Amino acid sequence: MLLVEQVKSSERSPLVTCLLEGPSGSGKSSLAATVGIDSDFPYVKIISAEAMIGLQESTKCAQIAKVFEDAYKSPLSIERADQLVKIH
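Going by our numbering, the first residue of the sequence shown is number 1458, and it counts up by one from there.
What follows is the structure in structure tokens.
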């Protein structure tokens, strides 16, 4: 994938953000998971609303913050935030 290769090889654009938009069921999560697996990046993490059901707000915030803190420590990473509007 072009974005993955750009991040791996370019000194000018070490940070790339990609927004996947589309209706529910269109394959956005599947595409993000495939890119994560195929990228061979050392840190790939998916933040999912479903995984946070029943957690206290402070725990949810701490888990989300930890994902981004750990990603910052990695030379290459992919973070996927899935259904964040449902995390409340």
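Ideal placement from N, C-alpha and C gives every residue a C-beta, glycine not left out. These numbers come from a predicted model, not from an experiment.
1) Please classify Ile1544: is it buried, with 16 or more other beta-carbons within 10 angstroms of its beta-carbon, or exposed?
2) Using three-state DSSP, classify Ser1481 as helix, strand or coil.
3) Below 8 Å, can you find three or more Cβ-Cβ pairs linking the region 1479-1489 to the region 1506-1526?
4) Does Met1458 pass the burial test, meaning 16 or more other C-beta atoms within 10 Å, or should it be called exposed?
5) Please list the terminal residues of the continuous beta strand (DSSP E) segment that includes Glu1536.
Put simply:
1) buried
2) Residue state, collapsed to three classes: coil.
3) Three or more Cβ pairs closer than 8 Å define a contact, and the region 1479-1489 falls short of that threshold against the region 1506-1526.
4) Only exposed fits Met1458, as fewer than 16 other CB atoms lie within 10 angstroms of its CB.
5) 1534-1539
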